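Asker: Offset between the sequence shown (1-based) and the numbering used here: plus 909. Glycine included, C-beta positions come from ideal geometry on N, C-alpha and C. Source: prediction; values computed, not measured.
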Amino acid sequence: MIVRLFAVSLLGWMLGFIWFAVLLPQPLDSRPTDAIVVLTGGAGRIDRGIALLQAKTAKRMLISGVDRSVRPGELAAEYDTPEALFACCITLGREAIDTRSNAIETARWLERRDYKTVRLITTDWHMRRAALELRQALPERVAIVYDAVPSRPSLTILVREYNKYLLRRGAALLGI
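As structure tokens, this is what we get:
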């Protein structure tokens, strides 16, 4: 009986992992939203957010998880973006240190501005867990649009992220 239970659990984990790895979230079109939220930590994320902001698909953008030593001028130079865009429309969130605190920081930022729609930008392999955390932190009235940045994750990254996703999903079911 124990062996069968283990085998069924392993099969369930493997099927779930195949779903997770093969059907990674995709980039989205440039539909407008009230705000854009970019989670730091992966290549192409900030580039994608700035391009969408410059295309006027949103009013403002939050870059969540920025190191305290980074200045707006440095980011403007690195991403070849006018400093005026950072001054008017981009907020550097410095409170977040992980995905869960990204969601909390984002929820506070959105609440202060009373936005109703937000575009979440993160890497494709990170999107499901980030979306889960953000959905838990935001009120139901806020609509989230998921915009994944394509990547080529290693098997190790996928396995680690899938296990983190399962753990957060389980914790969410327990109300943690």
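Short of 6 Å in beta carbon distance, which residues of its chain neighbour I1013, apart from the five on each side in sequence? Order them along the chain.
Answerer: A1046
Asker: Indicate whether A1052 and N1011 have their beta-carbon atoms separated by less than 8 Å.
Answerer: no
Asker: Identify, in the order they occur along the chain, each residue of the same chain with its Cβ nearer than 7 Å to the Cβ of G950, setting aside the five sequence neighbours on each side.
Answerer: G974
Asker: Measuring only the C-alpha atoms, how far is I959 from T990?
Answerer: 8 Å
Asker: Please tell me whether A1057 and T1015 are closer than 8 Å, where the distance is taken between their beta carbons.
Answerer: no
Asker: Straight-line CA distance for L1083 to R1069?
Answerer: 21 Å
Asker: V979 by DSSP, collapsed to three states: which one?
Answerer: coil
Asker: Pick from G1079, A1005, V1027: whose alpha carbon is nearest that of Y1055?
Answerer: V1027
Asker: What is the DSSP secondary structure of S973, counted as helix, strand or coil?
Answerer: For S973, the secondary structure class from DSSP, reduced to helix, strand or coil, is strand.
Asker: First and last residue of the beta strand (DSSP E) that includes Y1055?
Answerer: 1052–1058
Asker: Within the same chain, show all residues whose beta-carbon is closer than 8 Å to that of D954, passing over the 5 residues directly before and after it, in chain order.
Answerer: Reading off the sequence, residue 954 comes out as Arg, not Asp. Here the set comprises V947, L948, I1030, T1031, T1032, V1058.
Asker: Looking only at its chain, what residues have a beta carbon closer than 8 Å to the beta carbon of L994, apart from the 5 residues adjacent to it on each side?
Answerer: I959, L962, Q963, A985
Asker: Below 6 Å CB to CB, which residues in the same chain sit around I999 once its five sequence neighbours on both sides are set aside?
Answerer: If we look at I999 and ignore the five residues flanking it on each side, its Cβ neighbours are M970.
Asker: Between which two residues does the beta strand (DSSP E) holding A952 run?
Answerer: Neither: A952 is in no beta strand (DSSP E) and is coded neither H nor E.
Asker: Hey, is L1029's beta-carbon within less than 8 Å of any beta-carbon in chain D?
Answerer: No chain D is present in this structure, which holds just one protein chain.
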